[in-house]
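Q: Residues 621 to 1129 in the working numbering are what the sequence shown spells out, letter by letter.
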Amino acid sequence: MKFHLRFLGAPEFRGRTTPSAELDIASKYIALMAERIGLKPLMPGGSYYQEVPVEVTTVVPQASRVRLLTSSGERIFQFPKDVTVGRTFEAGKVSGEAAFLGYGLSAPQLNWDDTDGLDPKGKIAVILDAALPDDHVLKPVDNRRLLMSRTGALRGKGAIAVVTIINQEREARLAEKGLAFSLPERFRFPDVVTGSEAVPSQTTAGAATAAPTPPFFQVEVRHDAGAAILGVTKEDLAKMIETIRQGKRVASKKMPGRKLAIELGVVTRQDTTLNVVAYAEGTDPALRNEYLTISSHYDHLGMREGRIYPGADDNASGVVGIFEIAEALMVERPKRSVIFVWNTAEERGLVGSYYFVQHCPVPVDKISANLNLDMISRNDTNQLYLIGSNKISSELDASIQTMNTNSIGLKLDYKYEDPAHPDRFFFRSDQYPYIRYGIPGVWFFCGTTEDYHTEGDIEAKADYAKMEKVSKLVYLVAMDIGNKPALLSLDLKPEIKARGEQNMKIGWR
């Protein structure tokens, strides 16, 4: 285990973002491991790879800029030296009067409303990014503190764009290393359906075509640009950010005579990313054409502004766990066939797993269940979270409980099982697309740590004893489900009558 985790979590993989050459190397390593273990390829032509088409859109710096227009003239801020964009963007132009909205948060019930008395409608909102104290009164609405949530709320109130002045820590890091901003890429996966509105059975024929939505920009600027936009010194800007860090509001204000114009040019290319798919054939001639899938994603977050996000726990640990499970299953195979899926693009929105179930190389109504390993190497050695196991089939959770009680002895925790949990983990890993298709699915999960989605998610912090316990448990459950006389029953969600795409219209929220 340690050998594989040290390799896949190494900084040379530059965080295994989707798509990237480093992720392609990881897919090659996984496929070679599958071949060495003795697993068979499942894709046409004897391939271990399921190709997932992707359109990648990037910003063209030479065609992009932010202009500040005042009575004294024009100042231009360049991409990526002074400016970058948020994760969602498109080509276009927008201009309007700027309005300063402090932290950009509206929570009047908690005595914090940066839009009180200043309507952002038709304005370009300028806001500050800073971390409020952990014990601040706004903690109960923590999700509203996220930059994308604040941006979305301002858009909902009519702002035509949001300009965010980055926090002190990020400014200092860029200055210290002499770095420019990273420019994000936008991805579209044309052959993947994630929303129920796109399911053919729900499409309304002859519906009127909606009017095109004007572009909305969320851009981030360095402190030089931010101070200039606000018409203050960098020292004054630093004091404003520090005020928010202390948990206090900075007064919003109108900015008459200060206009911003944002121009964004983009280019789109066609690319491909890969699921790695292999299987162990079942031993029973009558049951080997029924299946169980065991999955983990092998992508992570890549690099951001010079920082590598290794993704050792998330989710090189799950990849390695499947290696161990596959080796054990090749020694003693169950009656049903077991498909191993190492998914791409989980961090892009569960894309690899959605693609697999929607372009499945076997009939989806023959898949008994999905066992998904995502982050299995951290926190209490003897504790494990289960997500999804008791949503569709009581037999799935019963199998896990029995195997664990008889052989492993982990403390199984259902803390994150509820779809209404504020962290929404139920929707956040690759078991969910199976559940959307009415296939019983479960996520084996160690929980998050302070290193989640940071540079600190490194191999040296992995708990190999925990990885071994979780992998053994999944192996035992796979053997149990793989040897049952029938597919797992669908007895917990009355709307689900059979496995298949028709279940995409069923709500889980």
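All C-beta atoms, glycine included, are put in the ideal place defined by N, C-alpha and C.
If you're wondering where the values come from, they're calculated on a predicted model, not measured in any experiment.
(1) Measure the CB-CB distance between A948 and I882 and report whether it falls below 7 Å.
(2) Return helix, strand or coil for M1023, following the three-state DSSP convention.
(3) In chain order, what residues of the same chain lie with their CB nearer than 6 Å to the CB of E642, ignoring the 5 residues before and after it?
(4) I believe R956 touches Y911 by the beta-carbon criterion, under 8 Å. Please report the beta-carbon distance rounded to the nearest angstrom.
(5) Figure out for me which residue from A989, G776, R842 has the closest Cα to the Cα of I914.
(6) Quick test of your reading: Q788 and A858, contact by CB under 8 Å. State the CB separation rounded to the nearest angstrom.
(7) Looking at C-alpha atoms only, which residue of S1109, H920, V680, I786 is the closest neighbour of K986?
(8) Does the Cβ of S692 have 16 or more other Cβ atoms within 10 Å, making it buried, or fewer, making it exposed?
(9) Output the boundary residues of the beta strand (DSSP E) element that contains L752.
(10) Given a threshold of 16 other Cβ atoms within 10 Å of its Cβ, counted over all protein chains shown, does R1129 qualify as buried or as exposed?
(11) According to DSSP, which residues form a beta bridge with A781?
(12) On a CA-only basis, which of Q1021, D1017, V971, K868 is nearest R808? Give me that one, please.
(13) Considering Cα atoms alone, identify which of Q1122, M1124, P673 is closest to Q890.
(14) Within 10 angstroms of its Cβ, does P1105 collect 16 or more other Cβ (buried), or is it exposed?
(15) Looking at chain C, is there any beta carbon in it that lies within less than 7 Å of the beta carbon of I928?
(16) Any heavy atom of the ligand MN inside 6 Å of the beta-carbon of A1085?
(17) To the nearest angstrom, report how far apart P1053 and F1046 are at their CA atoms.
(18) If we count Cβ pairs, one from each stretch, closer than 8 Å, do we get three or more for the stretch 951-967 versus the stretch 1024-1037?
(19) Please go through the stretch 1057-1102 and give each complete beta strand (DSSP E) segment of 3 or more residues, from N-terminal end onward.
(20) Suppose contacts are defined by Cβ-Cβ distances below 7 Å. Is S1009 in contact with S937 by that definition?
(21) When we look at the beta-carbon of K622 and count the other beta-carbons within 10 Å, is it buried (16 or more) or exposed?
(22) Is the beta carbon of N935 less than 7 Å from the beta carbon of D994?
(23) Kindly indicate which three-state DSSP category Y1054 falls into: helix, strand or coil?
(24) Would the beta-carbon of G1057 fall within 7 Å of that of N992?
(25) Since P740 and G778 are thought to touch, with beta carbons under 8 Å apart, how far apart are those beta carbons, to the nearest angstrom?
(26) Taking its Cβ as the centre, do 16 or more other Cβ atoms sit within 10 Å of A965, making it buried, or is it exposed?
(27) Following the continuous beta strand (DSSP E) through S973, name the residue where it begins and the one where it ends.
(28) Mapping the DSSP letters down to three states, classify A630 as helix, strand or coil.
(29) Between the C-alpha atoms of L1096 and I1126, what's the straight-line distance to the nearest angstrom?
(30) What residue ranges within the stretch 624-692 form continuous beta strand (DSSP E) runs of no fewer than 3 residues, ordered along the chain?
(31) Can you give me the start and stop residues for the alpha helix (DSSP H) that S937 sits inside?
(32) Quick one: what's W962 bridged to in DSSP?
(33) I'd like to check one pair, Y974 with G1067: are the Cβ atoms closer than 7 Å?
(34) Once you ignore the five residues that flank K1035 on each side, which residues in its own chain have a CB closer than 7 Å to its CB?
(35) Which first and last residues belong to the beta strand (DSSP E) in which E717 is found?
(36) Quick one, are the C-beta atoms of F1065 and I1007 less than 7 Å apart?
A: The short version:
(1) no
(2) helix
(3) F633, R634, R636
(4) 6 Å
(5) A989
(6) 7 Å
(7) S1109
(8) exposed
(9) Looking at the DSSP string, L752 is not in any beta strand (DSSP E), and its letter there is neither H nor E.
(10) exposed
(11) I744, F837
(12) V971
(13) P673
(14) exposed
(15) Checking the listed chains, one finds no chain C in this structure; it contains a single protein chain.
(16) Ligands in the displayed structure: none, and consequently the ligand MN is not present.
(17) 11 Å
(18) no
(19) 1061-1065
(20) no
(21) exposed
(22) yes
(23) helix
(24) Going by the sequence as given, residue 1057 is Tyr instead of Gly. No; because the gap between Cβ atoms is not below 7 Å, this pair is not in contact.
(25) 6 Å
(26) buried
(27) Not the beta strand (DSSP E): S973 falls in the alpha helix (DSSP H), residues 971-978.
(28) coil
(29) 31 Å
(30) 669-679, 685-690
(31) 937-951
(32) V896, S916
(33) no
(34) Y1005
(35) 712-720
(36) yes
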